[in-house]
Amino acid sequence: MGIVVQKYGGTSVASTDRIRNVARRIVATAEKGHPVVVVVSAMGHTTDQLMGQALEISPVPRARELDMLLSAGERISMSLLSMAIIDMGREAISLTGSQAGIVTDTTHTKARIVDVRARRILEALDAGKIVIVAGFQGVSTISNDVTTLGRGGSDTTAVALAAALGAEVCEIYTDVDGVYTADPRVVPDARKLHVATYEEMLEMAACGARVLMLRSVEYARNYKVVLHVRSSFNNEQGTFVKEGDERMEKALISGVVHDTSEAMIRIRRVPDRPGIAAKVFGSLAAEAINVDMIVQNVSEDGRTDQTFTLPRADLPRSEEALGRIAAEIGAEGWTAEPEIGKVSLVGAGMRSHPGVAAKMFQTLAQAGINIEMISTSSIRISVVVQAAEVERAVRLIHAAFELPQGAILREAHGQMPEISSSELEGV
Ligand code: ADP
Ligand code: ASP
Ligand code: MG
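Throughout, our numbering is defined as the position within the sequence shown, counted from one, plus 86.
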């Protein structure tokens, strides 16, 4: 029987009772005869709490030490889960990322997996054990230090292990039943997607749908790992994330995604000459700060404003660099606006259906919501609005595109077709 990889997120292991519940599910899978490898997140809000403690000690903690601290969260849940399984009469062993052979580069707090040396996992499986691996962490064989993969990184651990082990399935157990047309906590009538293609899921994850970490979807696409996102609290089928094929119906819109984890930076009155953007964004990249949306205005008197977003968590770390960059390029100064949010409409069908952006902007205009920035790709439209307006914007856009009724259609040509709920079947 094929290897099954299961990943359980923080809410699913938030208490000892929930850990026992998860242990029962794992044992049930093993009883069917599958070799089982489990990846666990830290219990509940442990990672946030550890992060808070670090910030109480140091405003900009040394990244190596932060990784040592944060990786401790998953060690707690992995060992407790292993104990629970052993007490149910099955053999189990917990392994840290390093022990499990998760080799990363040296970029602390957002390391990338470069190799999976699964020998120890395979030996344990051969010995009939259920293997529990601490998610979100690895080791750099260059520095010999523990690294972490970035928030939500246990998803990536699971996909990397599933790829390396040639697993039959990679199940991502979380606190919702699957991937929805919007965050079901914000839009109560959001609809569960039965299937999403890697392409759609990549855009949704990149826009901030927390349910899967972006890197895990990239990894899954590269290694053709089929993901099944489902709830650890029931047995319902969730959402399959896989390659699109001819038979799959095309969604005009897959969903409305929001992200309130970014801040907006404006570098004011930047000299408008070649090389300035390269300097600004090169310097930020050198500090491993990921910039997201970028807008540069048309210049006036040889000067322009450069506006962009970056993770709010990176703001303290970026302040020194931003001050230095602004001075070096002779800009007038810079400001940060932390109270913003990004709302994105994602859907592969947008490519062939004009009018989607206009409808989204009209919806916001009618509600008196001001758009601060706009960016698009061929299958996405994103806007930045004030943080306080984000949830209202998501609900309005979700309703305007009739997503609760199932705004799914066969690929049609020409203008935006009528959307009908009867098209939902078979998606
Ligand atoms: P875990 O701890 O299991 O990894 P996360 O909190 O990282 O769980 O991700 C699950 C959460 O993602 C859900 O509770 C939900 O609020 C949020 N979410 C955001 N967008 C979506 C979406 N489109 N579909 C499902 N869940 C979403
Ligand atoms: N515990 C880590 C986090 O909270 C990793 C994860 O849960 O995937 O981000
Ligand atoms: Mg997560």
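The beta-carbon is built from N, C-alpha and C at its ideal position, and this holds for glycine as well. Because the structure is a prediction, the values reported are computed rather than measured.
- Check each candidate in VAL255, GLU304, VAL384 and name the one with the smallest Cα separation from PHE326. As a first step, residue 326 must be located in the sequence shown, where it is residue number 240. Measuring from the Cα of PHE326, the nearest candidate turns out to be VAL255.
- Item | Straight-line Cα distance separating ARG206 from GLU477 | Along the sequence shown, read from residue 1 onward, the residue named residue 477 stands at position 391. Along the sequence shown, read from residue 1 onward, the residue named residue 206 stands at position 120. Going from the Cα of GLU477 to the Cα of ARG206 covers about 46 Å.
- Item | From LEU431, ARG352, ARG271, ILE105, residue whose alpha carbon lies closest to that of LEU288 | For the purposes of this step, residue 288 is taken as residue 202 along the sequence shown, with counting starting at 1. Selected option, being the one with the closest Cα: LEU431.
- Expressed to the nearest angstrom, what Euclidean distance is found between the alpha-carbon atoms of ARG389 and ALA413? On the sequence shown, residue 389 is found 303 positions in, with the first residue counted as 1. On the sequence shown, residue 413 is found 327 positions in, with the first residue counted as 1. If I take the Cα positions, the gap works out to 15 Å.
- Query: Any heavy atom of ligand 2 closer than 8 Å to the CB of SER127?
  - Reply: Residue mapping note: residue 127 aligns to position 41 of the sequence shown, counting from 1. Yes, the beta carbon of SER127 sits closer than 8 Å to at least one heavy atom of ligand 2.
- Task: Locate the alpha helix (DSSP H) running through ARG466, then write down its first and last residues.
- Result: In the sequence shown, residue 466 corresponds to position 380, counting from 1. It is not in any alpha helix (DSSP H) - ARG466 instead sits in the beta strand (DSSP E) that spans 466-472.
- Task: Just grab the DSSP bridge partners of GLY212 for me.
- Result: As a first step, residue 212 must be located in the sequence shown, where it is residue number 126. According to the sequence provided, residue 212 is Asp. The question's Gly does not apply to it. The partner list for ASP212 (beta bridge, DSSP) is empty, contrary to what the question assumes.
- Query: Is there a Cβ from chain B that is less than 9 Å from the Cβ of GLY130?
  - Reply: No chain B is part of this structure, which consists of one protein chain only.
- Message: Is THR133 close to ligand 2? I mean its beta-carbon at under 8 Å from any heavy atom of the ligand.
- Response: As a first step, residue 133 must be located in the sequence shown, where it is residue number 47. Under cutoff, so the answer is yes.
- Does ligand 3 have even one heavy atom less than 8 Å from the beta-carbon of ARG389? Counted from its first residue, the sequence shown places residue 389 at position 303. Because no heavy atom of ligand 3 lies under 8 Å away, the Cβ of ARG389 does not count as near it: no.
- Query: Quick one: what's got a C-beta closer than 6 Å to ARG307's C-beta in the same chain, skipping five residues either side?
  - Reply: If you number the sequence shown from 1, residue 307 lands on position 221. These residues qualify, in order along the chain: TYR284.
- Message: Am I right that ILE455 and ALA434 are in contact with their C-beta atoms under 8 Å? What's the rounded C-beta distance?
- Response: Position 369 of the sequence shown, counted from the start, is the residue given in the question as residue 455. Position 348 of the sequence shown, counted from the start, is the residue given in the question as residue 434. The pair is not a contact, with the Cβ atoms about 26 Å apart (cut-off 8 Å).
- Task: Under 8 Å by Cβ, that's how I've got VAL315 and VAL297 pegged, so tell me the actual separation to the nearest angstrom.
- Result: Along the sequence shown, read from residue 1 onward, the residue named residue 315 stands at position 229. Along the sequence shown, read from residue 1 onward, the residue named residue 297 stands at position 211. That pair is a contact at about 6 Å.
- Message: Measuring straight from C-alpha to C-alpha, what distance separates LEU370 and SER240?
- Response: On the sequence shown, residue 370 is found 284 positions in, with the first residue counted as 1. On the sequence shown, residue 240 is found 154 positions in, with the first residue counted as 1. Rounded to the nearest angstrom, the two C-alpha atoms are 26 Å apart.
- Item | The alpha helix (DSSP H) enclosing MET446, as first and last residue numbers | To locate residue 446, count along the sequence shown from 1; it is residue 360. Segment 442-452, the alpha helix (DSSP H) holding MET446.
- CA-CA distance, SER127 and LEU166? For the purposes of this step, residue 127 is taken as the residue at position 41 of the sequence shown. For the purposes of this step, residue 166 is taken as the residue at position 80 of the sequence shown. Going from the Cα of SER127 to the Cα of LEU166 covers about 12 Å.
- For the 8 Å Cβ check, are there 3 or more pairs between the region 138-155 and the region 204-221? no
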